[in-house]
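Per the working numbering, residue 1 is the first one in the sequence shown, and the count goes up by one each step.
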Amino acid sequence: MRDEGTTRRGVLASALMGVGLVTAYGTLGVQGLLFLLPKRLQPRTRLLFAGRIDDYPVGGVRTVHDLEGTPVLIRRTEEGFTAFDATCPHLGCKVHWEPDEDRFFCPCHKGMFHADGVGYAGPPGDAGQRLSELNMKIDDVAGVVYLEVKAVSGRLA
Ligand code: FES
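Right, dumping it as structure tokens:
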């Protein structure tokens with residue numbers, strides 16, 4: 001009769017258990033270190049996968065959400081990509097893209113923004129405001145789009 005610990009299945013089960021334990025304790029250790037680090041030393045931004053380049057038709061706008069759930073409007077043109085925070089600079093409502101009008105529109109006070117994010121009508125136009133932009137990283141080799149977003153810490157404020 002074979003001992004359970006010496007069978008191939010037993011060795012495989014032990015190895016998988018070891019990998020699971022190392023992964024779990026490693027993750028716990030990293031999170032613990034991040035918790036102990038002063039906030040000013042923690043990374044403030046991180047790159048968020050925002051899809052494949054092919055997911056973005058030229059001339060279109062696609063909505064993704066940052067780590068806090070805020071919508072970000074990513075526009076692709078022949079020149080490249082631009083990411084706009086969908087938060088209206090007037091009073092914080094969410095703007096959306098209107099493809100037929102080729103503009104961003106804020107429904108709260110009829111704020112209108114050109115495709116480059118510059119306000120031209122409604123309160124944002126009157127105040128000379130524009131939509132905030134977020135940094136992006138385009139990996140042409142991998143064909144992937146990344147958005148630089150605020151890091152969200154698991155730490156209580
Ligand atoms: S909140 Fe957008 S126009 Fe007022």
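Note that the Cβ used here is the ideal one computed from N, Cα and C, for glycine as well. Since we're looking at a predicted model, the values are computed, not measured.
By a beta-carbon distance limit of 8 Å, residue 136 contacts residue 81. Their separation comes to about 5 Å. Taking 8 Å as the cut-off, one finds no heavy atom of ligand 1 near enough to the beta carbon of residue 150. No heavy atom of ligand 1 is found nearer than 8 Å to the CB of residue 21. Annotation: the stretch 47 to 80 contains the following complete segments of the beta strand (DSSP E) (minimum length 3 residues), in chain order: 61 to 65 and 71 to 76.
Here the distance from the Cβ of residue 123 to the nearest heavy atom of ligand 1 is below 8 Å. In summary, residue 100 is exposed, with fewer than 16 beta-carbon neighbours lying within 10 Å of its beta-carbon over all protein chains present. It is roughly 9 Å from the alpha-carbon of residue 148 to the alpha-carbon of residue 66. Spanning the alpha carbons of residue 53 and residue 144 requires a straight line of approximately 5 Å. In the three-state reduction of the DSSP assignment, residue 91 falls in the coil class, being assigned neither a helical nor a strand state.
For residue 45, same chain residues with a beta-carbon under 7 Å away, outside a window of 5 residues either side, are 148, 149, 150 and 151 in chain order.
Across the structure, residue 15 and residue 132 are spaced so that their CA atoms are roughly 50 Å apart.
The Cβ atoms of residue 89 and residue 96 lie no closer than 9 Å to each other. DSSP assignment within the stretch 108 to 153 yields the following whole alpha helix (DSSP H) runs of 4 residues or more, N-terminal first: 122 to 126.
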